[in-house]
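First to last, the sequence lines map onto chains A and B. Using this note's numbering, the first residue of the first sequence is number 361, and each one after it goes up by one. Using this note's numbering, the first residue of the second sequence is number 2, and each one after it goes up by one. Beta carbons are placed, not taken as given, at the ideal position from N, Cα and C, and that holds for glycine. Values in this document were obtained by computation on a predicted structure and should not be read as measured data. A short write-up of the structure that comes next.
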Amino acid sequence: MNNLLKNSIWILITALGATAVGGIALNRGESINTLWFITAALCVYAIAYRFYAAWIAATVLAVDETRATPAERLDNGRDFVPTNKWIVFGHHFAAIAGPGPLVGPTLAAQFGYLPGTLWILFGAVLGGCVQDMVTLFLSTRRDAKSLGQMARDELGALGGTAALIATFAIMIILIAVLGLVVVNAMKHSPWATATVSATIPIAMIVGLYMRSFRPGQVLEASVLGVALLLLSVMGGGWIDRSETLRVWFDHEGLTLAWWVMAYGFAAAILPVWLLLAPRDYLSTYVKLGTITLLAVAIIMLQPTVKMPALTQFIDGTGPIFGGKLFPFVFITIACGAISGFHALIASGTTPKLLSNERDIRMIGYGGMLLESFVAIMAMMAATVLDPGVFFAINSPAGVVGKEAVDAVAKISSWGFPVTVDQMQLLANQMGEATLFARTGGAPSLAVGMASIFGSAFGESMLALWYHFAIMFEAIFILTTLDAGTRVGRFMLQDMLGNIWPKMGETSWTPSVVLTSALVVAGWGYFLYIGVIDPNGGVNILWPLFGIANQMLAAIALCVATGILVKSDKIEYAWVTGLPLAWLVTITSTAAWEKIASDNTRIGFFSAANDLADKLAAGALPPEKAAVAPQLIFNLHLDGWLTLFFVTLLWLIVFDMLRVCSRYLAGKPVLPLAESPHSPSRLVEDWVRD
Amino acid sequence: MLSKLKRFWRVVRRLSGDDAYERYLQHHVAHHQADTPLSKEAFFKRWQDEKWNGIKRCC
């Protein structure tokens, strides 16, 4: 009877989910309520978690709850600590969820709501969640080793080196593109600039409080910090209204880019306790709080999605970024569907806390499901805007024209009506001078969030909500930026240490300054180019980031597939092998188009040639001619970089296939590096406090 | 109700690291009784530095 009831509940969930997904997919021309999206997402997640994830955990991975985890065996009271599963879940989710799942879906909304939504749902349950869970499992079985170390141990030196290079490359591109998002949000916005700047001294106050005034009182300091952050949102408005103060914070994109670079450099050499650690606390609270608030507001309000299911831009002519639906929607939305970066957290960091293998499904698979839901909410925040407004905010001036009149005429001609008055009214409501061409996704997400929060919790505070949303995005983008710069610095010091051991000493000041400067110069270069590019830079940088991130995911899935084959589980190798094949297909197709396409909005080399021809013919306006040589050089560089990424990807895939075929032919391969079984002695109550 | 609130408070303290020193002392008593434990300040310094060594945040 009990079984019958359970089965009928699952049949009901399946039917409901199928109806919701079908409703979203088949709806044409009519507006559709966001409740459909939430229902579809929750049903798909529930079914995937209950059946697919459970099957992978039990049959493919064969998790063993009697086996002691590294946290138990190597417990040292500091980094290796067996921890309650909900606490591990919290840490894991806070670590994997960054600005990626917010920005990607916003940009991909140019294709309409449908492609992005389907990829976020099915990419996550079949790809991203599987990658995170399997990597977490493999690292747990290998004393919490990192992805790079596992690649070296299981596949060989090539895999390990590739993982290292991919991590470094992705870090550089990621920081550049995130820096660009922040710069575009602060450009000529004294309010946003003042609020974002205020987060730096606030973090320092919190750092000093925790370090010197009341050591270790993390919660007290955090409450103080969050209160100061909220005050800074209001203070920014006050500065914006003061004629004398606002000029101090009213800057060009390029000036702000230099400041962001200076900040990144300072953050990488300052001690962690002063800036990085307290900033991370604040960003984590603000992030979790805001995401919860957004979920509550969407469920309470059930706003209507105004974007059509598909737009004409699936043909590749989209204003936000060029390229057809296939493969570019899959490159644009990486985080939220499948993100290679997660493999770095799922290996090395999280396994050191895991108290029992049985929790791997909830933490690895479940954590990614929640991130996917964040991406769905970002998609909703983008698509509840009037499409005309959405395109006016997100289309770069280089595509729609610099003047407001030209921009609205162009966007309206696409069938998304919008007027100058409407945009001006919206900008006034949000407390901004203009919202035209605020590319990068953050401003349009903030407008979407502000209108959702505004309708749920009071219209009168739209400007406050908008700048709160900007602060929310900026604070954890800057956390990723300084944490990433620091990690890049450590990796570079490690690499240089192989050549000159003195450089490898992480506390030797000349080495710290030199490597930090090199890392900042690396991402600073791409940020600089992104800012001076009249097409907004996001058009170039985001696909590059997507390709790099998917390449890292492919490395993680190669390691997983190789290990499954070596563990005599070839009949299950498709669990990681199919997502891998899909990633290799989309990454290679996208890379090929970025390299070889004749379309100047897609192909790097054709864009470079086009620009060079125009420059030679004198057909460029003077301000564009001045930056053209740099843009041409950069396009060539991006083209070669893409080629390098895709070559690296194929090398790893072939290396994995080589190891697998040698194993299947009975030839010697590197042995499985799994640590031996030792029985768990943790008593249930002891660890579940 | 009160016990639930207490439990919630424990989770918050645990997640934020507010109770890290207490947990360290417990661990110390259980495993290294012979040595003197670090002071709260010294422990916190080391805890924070270690926590930030490596990739801890994602995109």
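N-terminal and C-terminal residue of the alpha helix (DSSP H) that residue i is part of
i, result
"residue 48(B)", "41 to 52"
"residue 550(A)", "550 to 568"
"residue 854(A)", "822 to 859"
"residue 509(A)", "507 to 514"
"residue 492(A)", "489 to 500"
"residue 797(A)", "Premise fails: residue 797(A) is in no alpha helix (DSSP H) and is neither H nor E."
"residue 969(A)", "964 to 977"
"residue 989(A)", "982 to 1024"
"residue 921(A)", "898 to 926"
"residue 477(A)", "473 to 483"
"residue 465(A)", "460 to 468"
"residue 892(A)", "869 to 892"
"residue 27(B)", "21 to 32"
"residue 599(A)", "578 to 601"
Residues that residue i bridges to, as DSSP identifies them
i, result
"residue 392(A)", "665(A)"
"residue 427(A)", "1039(A)"
"residue 443(A)", "714(A)"
Reference residue i, options the options, closest by Cα
i, options, result
"residue 852(A)", "914(A), 450(A), 432(A) and 527(A)", "527(A)"
"residue 673(A)", "667(A), 666(A) and 685(A)", "685(A)"
"residue 394(A)", "950(A), 1038(A), 889(A) and 741(A)", "741(A)"
"residue 698(A)", "1005(A), 369(A), 915(A) and 981(A)", "915(A)"
"residue 922(A)", "438(A), 912(A) and 510(A)", "510(A)"
"residue 517(A)", "1038(A), 1011(A) and 1034(A)", "1011(A)"
"residue 934(A)", "819(A), 947(A), 920(A) and 946(A)", "920(A)"
"residue 890(A)", "795(A), 709(A), 987(A) and 928(A)", "987(A)"
"residue 939(A)", "494(A), 470(A), 633(A) and 717(A)", "494(A)"
"residue 449(A)", "492(A), 410(A) and 414(A)", "492(A)"
Residue i classed as buried or exposed, judged by whether at least 16 other C-beta atoms fall within 10 angstroms
i, result
"residue 549(A)", "buried"
"residue 1049(A)", "Low local confidence applies: a pLDDT of 45 at residue 1049(A) is under 50, so the model's placement there is unreliable, and no value is given."
"residue 363(A)", "exposed"
"residue 3(B)", "exposed"
"residue 51(B)", "exposed"
"residue 382(A)", "exposed"
"residue 893(A)", "buried"
"residue 371(A)", "exposed"
"residue 911(A)", "buried"
"residue 690(A)", "buried"
"residue 561(A)", "exposed"
"residue 827(A)", "buried"
"residue 1014(A)", "exposed"
"residue 43(B)", "exposed"
"residue 1016(A)", "buried"
"residue 763(A)", "exposed"
"residue 545(A)", "buried"
Proximal residues of chain B, C-beta to C-beta of residue i below 9 angstroms
i, result
"residue 695(A)", "59 and 60"
"residue 459(A)", "60"
"residue 501(A)", "Result: empty, since nearest Cβ-Cβ is about 20 angstroms, beyond 9 angstroms."
"residue 847(A)", "55, 56, 57 and 58"
"residue 582(A)", "17 and 19"
"residue 843(A)", "53, 56, 57 and 58"
Cross-chain neighbours of residue i in chain A, by beta carbon under 9 angstroms
i, result
"residue 41(B)", "575 and 576"
"residue 36(B)", "The premise fails here: residue 36(B) is roughly 12 angstroms from chain A at the closest Cβ pair, so nothing lies under 9 angstroms."
"residue 9(B)", "Here the premise fails: no neighbours, minimum Cβ distance about 11 angstroms."
Proximal residues of chain B, C-beta to C-beta of residue i below 7 angstroms
i, result
"residue 839(A)", "58"
"residue 736(A)", "Residues of chain B passing the Cβ test: none, with the nearest at roughly 17 angstroms."
"residue 1001(A)", "In chain order: nothing, as chain B lies at least about 18 angstroms away."
"residue 450(A)", "16"
"residue 456(A)", "59"
Chain-ordered chain A contacts of residue i [CB-CB under 8 angstroms]
i, result
"residue 30(B)", "Correct list: empty, because the minimum Cβ distance to chain A is about 10 angstroms."
Cross-chain neighbours of residue i in chain B, by beta carbon under 8 angstroms
i, result
"residue 636(A)", "53"
"residue 534(A)", "60"
"residue 446(A)", "12"
"residue 633(A)", "46, 49 and 50"
"residue 579(A)", "13, 14, 17 and 19"
"residue 867(A)", "Those within 8 angstroms of residue 867(A) in chain B number zero; the least Cβ separation is about 11 angstroms."
"residue 438(A)", "25, 47, 48 and 51"
"residue 1021(A)", "The premise fails here: residue 1021(A) is roughly 32 angstroms from chain B at the closest Cβ pair, so nothing lies under 8 angstroms."
Closer than 7 angstroms at the beta carbon, the chain A residues around residue i
i, result
"residue 3(B)", "Chain A residues near residue 3(B): none, gap ~17 angstroms exceeds 7 angstroms."
When Cβ atoms are compared, which residues of the region 688 to 714 of chain A fall closer than 9 angstroms to chain D?
-> Here the protein chains are A and B, and chain D is not one of them.
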